[in-house]
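This note's numbering applies: residue 4 is where the first sequence begins, and numbers increase by one.
Written below as structure tokens is the structure these notes are about.
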Amino acid sequence: MERRRSRSPRAAPTRNPLTQKPYSSNYTKLLKDRKSLPVYEALLQLENLLKLHQVIILQGETGSGKTTQVPQYLAGLQKKVACTQPRRVAAMSVAKRVAEEMDVKLGEHVGYSVRFDECSSESTLLKYLTDGMLLREAMKHPTLDQYDIIILDEAHERTLATDILFGLMKEVLQKRRDLKVIVMSATLNADKFQHYFEGAPLLSVPGRLFPVEVFFTQVAEEDYVAAAVKTVMQIHAFEDPGDILVFLTGEEEIETACRNIKKEANKYGESVGKLLVIPLYSTLPPSAQQKIFEPAPGPNTKNIPGRKCIIATNIAETSLTIDGVVYVVDSGLSKQKVYNPRMRVESLMVSPISKASAKQRAGRAGRTQPGKCYRLYTEETYRSELQETTHPEILRSNLTSVVLTLRVMGIDNLVKFDFMDPPAPETMMRALEILNFLGALDDEGDLTELGSLISEFPLDPELSKILITSERFKCSDDILTLCAMLSVQNPFLRPKESGEVADKAKAQFAHQDGDHLTLISVFSAYIREGQRQDWCSHNFINPRSMRAAAEIRDQLLVKFNKLGLQVLSEERGRSENIRKCICSGFFTQVACKEKSSIYATLKEKQCVAIHPSTTLAFRPEWVLYHEYILTSKNYIRTVSIINPIWLLELAPHYFELEGFPDSQGKRQLESLKKSRAKNKK
DNA sequence: GAGCACTGC
Numbered sequence: 004m005e006r007r008r009s010r011s012p013r014a015a016p017t018r019n020p021l022t023q024k025p026y027s028s029n030y031t032k033l034l035k036d037r038k039s040l041p042v043y044e045a046l047l048q049l050e051n052l053l054k055l056h057q058v059i060i061l062q063g064e065t066g067s068g069k070t071t072q073v074p075q076y077l078a079g080l081q082k083k084v085a086c087t088q089p090r091r092v093a094a095m096s097v098a099k100r101v102a103e104e105m106d107v108k109l110g111e112h113v114g115y116s117v118r119f120d121e122c123s124s125e126s127t128l129l130k131y132l133t134d135g136m137l138l139r140e141a142m143k144h145p146t147l148d149q150y151d152i153i154i155l156d157e158a159h160e161r162t163l164a165t166d167i168l169f170g171l172m173k174e175v176l177q178k179r180r181d182l183k184v185i186v187m188s189a190t191l192n193a194d195k196f197q198h199y200f201e202g203a204p205l206l207s208v209p210g211r212l213f214p215v216e217v218f219f220t221q222v223a224e225e226d227y228v229a230a231a232v233k234t235v236m237q238i239h240a241f242e243d244p245g246d247i248l249v250f251l252t253g254e255e256e257i258e259t260a261c262r263n264i265k266k267e268a269n270k271y272g273e274s275v276g277k278l279l280v281i282p283l284y285s286t287l288p289p290s291a292q293q294k295i296f297e298p299a300p301g302p303n304t305k306n307i308p309g310r311k312c313i314i315a316t317n318i319a320e321t322s323l324t325i326d327g328v329v330y331v332v333d334s335g336l337s338k339q340k341v342y343n344p345r346m347r348v349e350s351l352m353v354s355p356i357s358k359a360s361a362k363q364r365a366g367r368a369g370r371t372q373p374g375k376c377y378r379l380y381t382e383e384t385y386r387s388e389l390q391e392t393t394h395p396e397i398l399r400s401n402l403t404s405v406v407l408t409l410r411v412m413g414i415d416n417l418v419k420f421d422f423m424d425p426p427a428p429e430t431m432m433r434a435l436e437i438l439n440f441l442g443a444l445d446d447e448g449d450l451t452e453l454g455s456l457i458s459e460f461p462l463d464p465e466l467s468k469i470l471i472t473s474e475r476f477k478c479s480d481d482i483l484t485l486c487a488m489l490s491v492q493n494p495f496l497r498p499k500e501s502g503e504v505a506d507k508a509k510a511q512f513a514h515q516d517g518d519h520l521t522l523i524s525v526f527s528a529y530i531r532e533g534q535r536q537d538w539c540s541h542n543f544i545n546p547r548s549m550r551a552a553a554e555i556r557d558q559l560l561v562k563f564n565k566l567g568l569q570v571l572s573e574e575r576g577r578s579e580n581i582r583k584c585i586c587s588g589f590f591t592q593v594a595c596k597e598k599s600s601i602y603a604t605l606k607e608k609q610c611v612a613i614h615p616s617t618t619l620a621f622r623p624e625w626v627l628y629h630e631y632i633l634t635s636k637n638y639i640r641t642v643s644i645i646n647p648i649w650l651l652e653l654a655p656h657y658f659e660l661e662g663f664p665d666s667q668g669k670r671q672l673e674s675l676k677k678s679r680a681k682n683k684k
């Protein structure tokens with residue numbers, strides 16, 4: 004019966020071909036909405052193009068429905084489909100929505116896969132996953148045979164993982180003529196993708212956003228925070244009801260702006276509506292982040308409606324969507340990561356955003372009704388100083404992990420690997436050099452056994468290395484904790500108003516040998532106290548960091564056991580063993596005291612100071628640091644005391660010292676070497 | 001003696 008009916012060209016099937024069950028009423032209701040999406044009419048065209056081409060570029064703005072409709076349409080053709088997303092929340096929520104639209108149970112025909120949460124099965128035809136997760140799958144199965152179609156969504160964001168997948172796709176498409184790839188992107192750089200995948204046809208679908216009127220300032224603003232405050236007050240006093248979203252660059256600025264807006268609003272009294280001012284940045288505790296979803300305040304005594312005003316970082320550009328925003332105020336700036344391969348340092352710099360970002364920010368005003376966007380820069384600045392698109396992440400990152408990943412996927416000629424934007428040769432050289440010193444690559448640049456072990460862990464190669472070495476130093480229990488703690492946001496909270504109390508709380512955990520041991524002791528205390536939220540808040544510890552660390556530690560432990568490594572811990576010589584073990588991975592990050600509190604990094608001879616957040620009670624001769632940051636000064640942060648002899652024992656190859664600049668540290672190491680040689684005789 | 005855009009495995 005069903006067969007005959009589904010063959011009929013006119014009547015739509017009443018039973019779901021995937022489950023053989025009749026469609027629910029919810030399905031019918033959702034189908035109506037789906038049919039009104041701009042992308043709906045393009046689906047057949049897409050199917051036909053796929054018969055002729057291996058790669059297709061699909062360009063569509065927010066609201067076109069491409070993320071939900073394209074993958075499910077292809078899965079409906081009985082193809083195994085993977086669709087990547089840059090963020091885990093998106094992968095999970097889109098999968099849930101699509102399962103509902105397809106009238107199947109989430110985790111069966113439609114599933115998702117993100118870190119810590121695998122929701123798919125044998126029967127899964129369509130899987131949404133984070134781009135990083137697909138990369139992990141590709142490390143195991145470099146030709147991705149488990150899929151017929153791979154969709155790279157949000158390609159315009161050019162995340163590190165998506166960029167590597169682009170290059171990988173080029174290789175795999177040669178080996179698998181049956182594989183199809185769809186690159187889905189917002190506009191602006193679709194032609195770049197088309198050029199990269201030579202001959203790939205471009206399919207465009209319109210978006211569905213309300214119009215947003217854009218205003219520029221007439222003259223350049225000197226103080227953009229003050230300008231933002233002024234603009235918010237003007238909107239609040241003179242514009243129609245609707246919430247305001249302001250884009251600034253960071254925590255401090257945002258808190259200042261919030262204070263000033265509240266102060267200004269108070270001056271106006273009842274002549275304007277109530278204004279709810281909410282800061283939004285990623286390091287805020289989740290409870291504070293939830294405030295952005297609170298409704299705008301009601302009318303005041305003069306019956307003027309209230310509104311809310313959210314002052315946010317880039318987090319509101321893509322990661323968090325706030326409905327009801329009608330006005331956007333855009334500073335035109337954001338903090339961006341930059342990488343200096345010569346100094347081997349990643350730092351954050353306030354930089355102008357791209358035109359693509361400016362457009363994205365403006366679009367945040369048009370999600371529910373027509374909106375307005377006030378740009379705190381001139382049209383001339385926009386035209387001449389803003390780049391078309393944001394510099395892809397791969398050009399701004401340390402590539403140690405990336406190079407290792409490529410090697411594991413069997414890419415042996417890195418020079419020939421077709422990057423959409425090739426990274427600086429110096430950055431690649433740095434990565435190869437460090438991987439060689441870690442023992443992950445041999446002198447020919449080939450992957451070693453240790454290298455493939457290192458690549459198994461979801462960690463930076465240096466951290467994986469110390470985790471593996473921890474077996475030898477009988478401190479794996481502690482190093483598992485340390486790796487987890489170094490992978491999460493700084494767990495120590497220090498609110499300005501209670502700085503001293505917070506410092507005292509932190510002092511309870513301080514370990515005399517350094518910040519690494521302090522991190523371990525915080526985690527131990529957290530577990531000992533039953534992982535309690537109230538314990539965290541009482542001790543100025545960020546509970547989110549601790550929960551994340553516990554989860555990561557569990558994941559690392561499972562992997563650790565699976566690889567046949569042994570969890571050992573020995574009390575005798577514990578601190579020394581831990582610090583030696585850290586040296587086995589971070590020997591390139593050591594500094595020697597020059598005078599009083601000034602240090603010089605050994606390899607680059609950069610003058611640095613130990614960051615004031617350290618728990619070290621004095622300034623030792625030699626330290627190992629976890630990160631080198633450029634802020635008001637050059638700082639090294641997360642620092643522990645080491646004995647320079649360990650360096651010679653653990654990384655003799657690196658400390659041959661030929662390429663090192665002359666310094667007190669180098670001379671000390673040289674004389675240590677001499678006396679060691681003498682003792683051996 | 002002071003500061004951490006945002007993701008992701």
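Backbone N, C-alpha and C define an ideal beta-carbon position, used for all residues, glycine too.
Query                                                                                                                                   : Result
At least three beta-carbon pairs within less than 8 angstroms, the region 118-136 to the region 52-64                                   : no
Contacts around F169, its chain only, beta-carbon distance under 6 angstroms, and the 5 residues preceding and following it disregarded : M423
Touching by the beta-carbon criterion (3+ pairs, under 8 angstroms), the region 513-526 and the region 462-479                          : no
Pick from M142, N343, S39 that is closest to V411, judged by C-alpha positions                                                          : M142
C-alpha distance - L444 paired with R670, whole-angstrom precision                                                                      : 29 angstroms
Exposure label - F271; buried when at least 16 CB within 10 Å                                                                           : The question names Phe, but residue 271 is Tyr in the sequence shown. Looking at its Cβ environment, which holds fewer than 16 other Cβ atoms inside 10 Å, Y271 is exposed.
As assigned by DSSP and simplified to three states, the class of Q671                                                                   : helix
Outcome for H656 when other beta-carbon atoms lying within 10 angstroms are tallied against a minimum of 16                             : exposed
Endpoints, the alpha helix (DSSP H) within which A229 is located                                                                        : 227-241
C-alpha distance - I585 paired with E255, whole-angstrom precision                                                                      : 33 angstroms
Rounded separation between L283 and A620 - CA only                                                                                      : 35 angstroms
CB-CB length for L389 against A361, believed under 8 angstroms                                                                          : 6 angstroms
Check: E320 C-beta below 6 angstroms from any heavy atom of the ligand NAP                                                              : Of ligands this structure carries none, so the ligand NAP is not represented either.
DSSP-derived helix/strand/coil call for L496                                                                                            : coil
S635, DSSP secondary structure in three states                                                                                          : coil
Between the CA atoms of F200 and R10 - distance to the nearest angstrom                                                                 : Reliability fails at R10, whose pLDDT of 44 lies under 50, so the model's placement of it is uncertain and the value that follows must be treated cautiously. Answer to the nearest angstrom: the Cα atoms are 37 angstroms apart.
H656 in three-state terms, based on DSSP                                                                                                : coil
Cut-off 6 angstroms between Cβ atoms - residues of its own chain near Y529, not counting five sequence neighbours on either side        : M549
Distance between beta carbons of K375 and E216, contact taken as under 8 angstroms                                                      : 5 angstroms
Of the listed residues E624, K183, T220, A158, nearest to T381 (C-alpha basis)                                                          : T220
Rounded C-alpha distance that separates A612 from Y638                                                                                  : 5 angstroms
Local Cβ density within 10 Å of P3, reported as buried at 16 or more and exposed below that                                             : Residue coverage of the chain in this structure runs from 4 to 684, which leaves residue 3 outside it and unanswerable.
Per-residue burial, G533 [other beta carbons within 10 Å of its own, 16 or more giving buried]                                          : exposed
Span separating the alpha-carbon of P302 from that of I325                                                                              : 21 angstroms
D411 - containing alpha helix (DSSP H), residue span                                                                                    : With the sequence shown as reference, residue 411 is identified as Val, and Asp is not the correct amino acid for it. First-last of the alpha helix (DSSP H) with V411: 403-411.
Secondary structure, beta strand (DSSP E): runs of 3+ residues fully inside the region 605-631                                          : 610-613
DSSP three-state assignment for L212, whether helix, strand or coil                                                                     : coil
R6 in three-state terms, based on DSSP                                                                                                  : The predicted position of R6 is uncertain, since its pLDDT is 44 and thus under 50; no value can be drawn from it.
Nearest-angstrom Cα separation, counted from K562 out to S666                                                                           : 41 angstroms
Buried or exposed by the 16-neighbour rule on C-beta atoms within 10 Å, applied to R7                                                   : For R7, the predicted model reports a pLDDT of 44, less than 50, meaning its position is unreliable; a value from the coordinates is still stated below. When all chains shown are included, R7 counts as exposed.
Helix, strand or coil at P12 [DSSP, three-state]                                                                                        : Any reading at P12 is ruled out, since the residue's pLDDT is 46, under 50, leaving its predicted position unreliable.
Coarse secondary structure for S578, derived from DSSP in three states                                                                  : helix
Helix, strand or coil at I281 [DSSP, three-state]                                                                                       : strand
Option in A230, R161, A223, T70 with minimal Cα separation from R100                                                                    : T70
For G272, the three-state DSSP class (helix, strand or coil)                                                                            : helix
V561, DSSP secondary structure in three states                                                                                          : helix
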